[in-house]
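Here the sequence shown stands for residues 7 to 138, where the numbers follow the numbering used here.
Note that CB positions come from ideal geometry on N, CA and C, so glycine has one too.
Structure first, then comments.
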Amino acid sequence: MILALPSRANSSTNILLIEDNDISRQLMSEYLKYCGYNVLELPGGSAFETSIAAFQPDLILLDLKLPDVDGFTLLQQVQQHPEWLHIPIIVVSAFAFQSDQQRALSLGARRYLVKPVKLVQLERSIQEELAQ
Numbered sequence: 007m008i009l010a011l012p013s014r015a016n017s018s019t020n021i022l023l024i025e026d027n028d029i030s031r032q033l034m035s036e037y038l039k040y041c042g043y044n045v046l047e048l049p050g051g052s053a054f055e056t057s058i059a060a061f062q063p064d065l066i067l068l069d070l071k072l073p074d075v076d077g078f079t080l081l082q083q084v085q086q087h088p089e090w091l092h093i094p095i096i097v098v099s100a101f102a103f104q105s106d107q108q109r110a111l112s113l114g115a116r117r118y119l120v121k122p123v124k125l126v127q128l129e130r131s132i133q134e135e136l137a138q
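The structure is reproduced here in C-alpha cells:
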C-alpha cells in the first residue's frame, strides 16, 4: 500500500472519529494523525454533543452501528443544531445497503464509504470535503 505523505497543512484540522471497533478506530486514527490531522476518538455516540462543542471538529467520520446510539440518530442531532450544519460528515460503515446510504445522505452525510475502506481513499475523501 502506498501511504500519503504527511501534510503540515493538516495540523490545524480537527477530525472527530466515532467508531466502536477498537482495531478500526485505532487504525484510522493513527493513519490520520500520520497525515497530520488532530483526531479525537469516540468509541460510541454518548459524548457526541459535548465532544463537538469542546473539540470543534472540522470534519466528522461516523460509523452507523454503535453500541449506545444509532449513527442515524447522531446525524439527526446534527440537523437540530444549525451551528453544526457546516461540518462535513463522512459515514464509514459496513452497512452496504443502498437504503442505508440514501438514508444517511438524506440526513446530512456528505459521503458514504463502505468498509473495508482503503486509507488513501479515506484521506482523499477528507481532503475533498475540507476543500469545499
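Counting Cβ pairs closer than 8 Å, one from the region 94-104 and one from the region 49-59, do we hit at least three?
-> Taking one beta carbon from each stretch, the region 94-104 and the region 49-59 have fewer than 3 pairs nearer than 8 Å; the two do not touch.
Considering LEU116, what are the terminal residues of the alpha helix (DSSP H) in which it resides?
-> Per the sequence shown, the amino acid found at residue 116 is Arg instead of Leu. Note, ARG116: premise wrong, no alpha helix (DSSP H); not H, not E.
Would the beta-carbon of ILE24 fall within 9 Å of that of LEU68?
-> Yes.
Going along the chain, which residues of its own chain have a beta-carbon closer than 7 Å to the beta-carbon of PRO73, five neighbours each way excluded?
-> ASP26 and GLY50, listed in sequence order.
Buried or exposed: PRO63, going by 16 or more other Cβ atoms within 10 Å of its Cβ?
-> In summary, PRO63 is buried, with 16 or more beta-carbon neighbours lying within 10 Å of its beta-carbon over all protein chains present.
Hey, would you say LEU22 sits closer than 9 Å to SER57, going by beta carbons?
-> Between LEU22 and SER57, the CB-CB gap stays under 9 Å.
Which of the three DSSP states, helix, strand or coil, is assigned to MET7?
-> Here MET7 scores only 40 on pLDDT, less than 50, and its place in the model should not be relied on; the value that follows carries that caveat. Three-state DSSP puts MET7 in coil, outside helix and strand.
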